[in-house]
Structure formats: structure tokens, C-alpha cells
Amino acid sequence: MELKETELKALVSLLDDEDTQIVSHVEDKIRSLGTSIIPFLEQEWESNFSPQVQRRIEELIHTLQYELLKERIREWYSSPEQDLLTGMWLVATYQYPDLELIKLKQELEQLYYETWLEFKPDLYPFDQVKVVNSVLFNKIKFGANTKNFHSPGNSLINVVLESRKGNPITLCVIYLLVAQKLKLPVYGVNLPNLFVLTYKDERHTQFYINAFNKGLIFSRQDIENYISELHLTPQTSFFEPCQNLEIIRRVFRNLIMSFDKMGEHAKAEEVKELLLLIADGSDLGV
1 MELKETELKA
11 LVSLLDDEDT
21 QIVSHVEDKI
31 RSLGTSIIPF
41 LEQEWESNFS
51 PQVQRRIEEL
61 IHTLQYELLK
71 ERIREWYSSP
81 EQDLLTGMWL
91 VATYQYPDLE
101 LIKLKQELEQ
111 LYYETWLEFK
121 PDLYPFDQVK
131 VVNSVLFNKI
141 KFGANTKNFH
151 SPGNSLINVV
161 LESRKGNPIT
171 LCVIYLLVAQ
181 KLKLPVYGVN
191 LPNLFVLTYK
201 DERHTQFYIN
211 AFNKGLIFSR
221 QDIENYISEL
231 HLTPQTSFFE
241 PCQNLEIIRR
251 VFRNLIMSFD
261 KMGEHAKAEE
271 VKELLLLIAD
281 GSDLGV
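Counting from 1, position 285 in the sequence shown corresponds to residue 285 in the UniProt record's numbering; the numbering is continuous, with no gaps.
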């Protein structure tokens, strides 16, 4: 139902009431109006001088944005293509609700363009990868965020695009999106404790790329050694391309871990709820 602006203002003014029951009733009422009320609440927040009312408005906005995000994640999960960039955008909007998908698309388009300028399709696979490495890691200077490895920003693609520093999975995603735009058969690989990429074409050329280490190229044997050092039983999933869904689940798991390490347990719990929406009842690892 539509409320007039005067009625909305009257509702918001009741957030200042002494009576907690009234406040609680008003909050329920505002929440029931849905996400279309967010811009109005933002205006009210700016024009209000009571810290208590501002805090209540902030909480309401967050709750509404969080509900909207859940809805979008469900839609993404049930979409046939489960687009990777859209998934990464959804993860980032948990912290940056105003972030626009179009902005991320433009930034990736720019990275693709800079790489394409130096790219030659007739090169051998190794040399193709070396060109991508050279542009992303030497020219544009993407790299590992070793100083703040557990910062939540490392899991948020907009932050990584801006700071040029990230964790293995976000750097791999950026690399992968650029490589696939160049029509390269590059995919993510879900290794334990480390996310890497594989180049795998129809002619059975397959090797691996570590985006966390400036695109270092390595072999299947290297993965086998890594797995045996971790005392794990080799599984097909450690060598073969994984689905976009698995990538987004892993980004969510990293984000949960980061919030927990930062002591932001309420945020970690909220992100866990988001992960559960796409979990399929599989092992969450959280």
C-alpha cells in the first residue's frame, strides 16, 4: 500500500517515542512497506538530528537492503547461467548496497581492452597467458594483499578493482573474466586452501595459473605434490574446472571468515544466511 509523504514522516517521527512497543510497531510497519521506501528513509536520516532515530533508521535501511539482497541471490541461484560477475556483484552489495553492476562491467571492459591491445590470438597458450600476466600484474599492478590478508575487502570485487589488491579467489575471478572475454579457455579450480585457474582446451593442453602469485604457471604434478603435502586424498575437483556457483560459495565462505577474524560476528552470521540460500545442503565449510 502507498503511504503519502506526510504519513511516512509521521511514522518516522514515532521512532523517537519513549514507548518501546510503539517503536517496535512502527519499525514493523516501515519494514512491511518494502525496499521502495529506502530512498525516503535515507532522506529522513540526513534531516534528523537525533542519534537514536538515526541509528534506528540505519538499522531499518540495512534490514530492507538485506531482504532485497536475499531476493536477488535467490533469483541468481535459480537462473540457468549463474553469471559470475553478477554473483560477485551480489556479494559486494552486502557491504556496498549502492554498488551498480554496470560500473563493474565497465571496469572489466577497460581491463579487457588494455589486455586486448597487447594480445595476439595466434600465440601459443603459454605465451597467451604470459601476455595477460604482463598486463594485469606488471602494467596494471594487480597483486596479492599479503599485508591485510584477512580484510573483508579482499572478497569484494569492487574493492579489489579499486585497490588492485586481493585474495586468491577475487584475483582469479578478475583474471578469468578478462581471459574469457579474450576467448581463452580459462576456468577456476577449487583447491584446498588456495584458489587457482586452469587453461584447458579441446586439444588436451592443460596447465594451471596462480593469480595470487603474479600468474605463475604450474603443472598437474605441482598440484599432486601440494595435495600430498597437505596429506589429502587427491580428488578430481582439485584438477578440473569448477562451476560459477562453487566460486560464489567460496567467496561467501572467505567473507564469513574475514568478518569473524575482525570480530564482526553479526555480519559473519548474516553472510552465513546468504550462503545458506545457495548451499544445496552441501558442506558449507563454515
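Every residue, glycine too, gets a C-beta built ideally from N, C-alpha and C.
Original post:
Can you pull the DSSP bridge partners for Gly-166?
Top reply: Against the sequence shown, residue 166 aligns to sequence position 166. Its beta-bridge partners are Ala-144.
Original post:
What residue does the beta strand (DSSP E) around Thr-20 start on, and which one ends it?
Top reply: As a working note, residue 20 is residue 20 in the sequence shown. Taken as a continuous stretch (DSSP letters only), Thr-20 belongs to no beta strand (DSSP E), being part of the alpha helix (DSSP H) at 20 to 32.
Original post:
If you draw a straight line from the C-alpha of Ile-140 to the C-alpha of Tyr-96, how long is it?
Top reply: Translated into positions along the sequence shown, residue 140 becomes position 140. Translated into positions along the sequence shown, residue 96 becomes position 96. Taking the straight line from one Cα to the other gives about 24 Å.
Subject >> Distance CB(Glu-44)-CB(Lys-9) smaller than 9 Å >> reply: Here residue 44 corresponds to residue number 44 of the sequence shown, with the count starting at 1. Here residue 9 corresponds to residue number 9 of the sequence shown, with the count starting at 1. Closer than 9 Å, so yes.
Original post:
Per DSSP, Lys-200 is paired with what?
Top reply: Start at 1 with the first residue of the sequence shown, and residue 200 comes out as number 200. Gln-206.
Original post:
Gly-34: buried (16+ other C-beta within 10 angstroms of its C-beta) or exposed?
Top reply: Against the sequence shown, residue 34 aligns to sequence position 34. By the neighbour-count rule (16 or more Cβ atoms within 10 Å), Gly-34 is not buried but exposed.
Original post:
Expressed to the nearest angstrom, what Euclidean distance is found between the alpha-carbon atoms of Leu-108 and Ala-144?
Top reply: As a first step, residue 108 is located in the sequence shown; it is residue number 108 there, counting from the start. As a first step, residue 144 is located in the sequence shown; it is residue number 144 there, counting from the start. Answer to the nearest angstrom: the Cα atoms are 18 Å apart.
Original post:
To which residues does DSSP link Ile-256 through a beta bridge?
Top reply: As a position in the sequence shown, residue 256 is number 256, starting the count at 1. Answer by DSSP bridge pairing: none, since Ile-256 is not bridged.
Original post:
Per DSSP, Phe-195 forms a beta bridge with which residues?
Top reply: Along the sequence shown, one-based indexing puts residue 195 at 195. Answer by DSSP bridge pairing, in chain order: Asn-190.
Original post:
Which term fits Ala-268, buried or exposed, when burial requires 16 or more other beta carbons within 10 angstroms of its beta carbon?
Top reply: The residue labelled residue 268 in the question sits at position 268 within the sequence shown. By the 10 Å Cβ count, Ala-268 comes out buried.
Subject >> Alpha-carbon to alpha-carbon, Glu-7 and Gln-180 >> reply: The residue labelled residue 180 in the question sits at position 180 within the sequence shown. The residue labelled residue 7 in the question sits at position 7 within the sequence shown. Rounded to whole angstroms, Gln-180 to Glu-7 spans 51 Å at the Cα level.
Original post:
According to DSSP, is Ile-73 helix, strand or coil?
Top reply: To locate residue 73, count along the sequence shown from 1; it is residue 73. Reduced to three states, the DSSP call for Ile-73 is helix.
Original post:
Hey, would you say Ile-174 sits closer than 9 Å to Leu-136, going by beta carbons?
Top reply: Position 174 of the sequence shown, counting from 1, holds the residue named residue 174. Position 136 of the sequence shown, counting from 1, holds the residue named residue 136. Yes, they are a contact pair.
Original post:
Using the rule of at least 16 other Cβ atoms within 10 Å of the residue's Cβ for burial, across every protein chain shown, is Ile-102 buried or exposed?
Top reply: Within the sequence shown, residue 102 is the residue found at index 102, counting from 1. So Ile-102 ends up on the exposed side.
Original post:
Leu-177 and Tyr-113: beta carbons closer than 9 Å?
Top reply: For the purposes of this step, residue 177 is taken as the residue at position 177 of the sequence shown. For the purposes of this step, residue 113 is taken as the residue at position 113 of the sequence shown. For Leu-177 and Tyr-113, no; Cβs fall outside 9 Å.
**OP:** Indicate the three-state DSSP secondary structure (helix, strand or coil) for Phe-49 in the structure shown.
**Re:** The residue you call residue 49 lines up with position 49 of the sequence shown. DSSP places Phe-49 in coil when its eight states are reduced to three.
Original post:
Which same chain residues, not among the five before or five after Asn-254, have their C-beta less than 7 Å away from its C-beta?
Top reply: Position 254 of the sequence shown, counting from 1, holds the residue named residue 254. Contacts found: Ser-155, Asn-167 and Ile-169.
Original post:
Taking just the CA atoms, how far does Leu-123 sit from Glu-58?
Top reply: By 1-based counting over the sequence shown, the position of residue 58 is 58. By 1-based counting over the sequence shown, the position of residue 123 is 123. Rounded to whole angstroms, Glu-58 to Leu-123 spans 54 Å at the Cα level.
Original post:
Whose CA, out of Asp-16, Tyr-199 and Leu-232, lies closest to the CA of Gln-52?
Top reply: Counted from its first residue, the sequence shown places residue 52 at position 52. Checking every option, the nearest Cα to that of Gln-52 belongs to Asp-16.
Original post:
Anyone know if the C-beta pair for Phe-238 and Asn-193 falls short of 9 Å?
Top reply: As a first step, residue 238 is located in the sequence shown; it is residue number 238 there, counting from the start. As a first step, residue 193 is located in the sequence shown; it is residue number 193 there, counting from the start. Their beta carbons are not under 9 Å apart, which means Phe-238 does not touch Asn-193 by this criterion.
Original post:
So, are the CB atoms of Arg-250 and Ala-279 less than 9 Å apart?
Top reply: Taking the sequence shown and counting its residues from 1, the one referred to as residue 250 is at position 250. Taking the sequence shown and counting its residues from 1, the one referred to as residue 279 is at position 279. Against a cut-off of 9 Å, the Cβ pair of Ala-279 and Arg-250 comes out as no contact.
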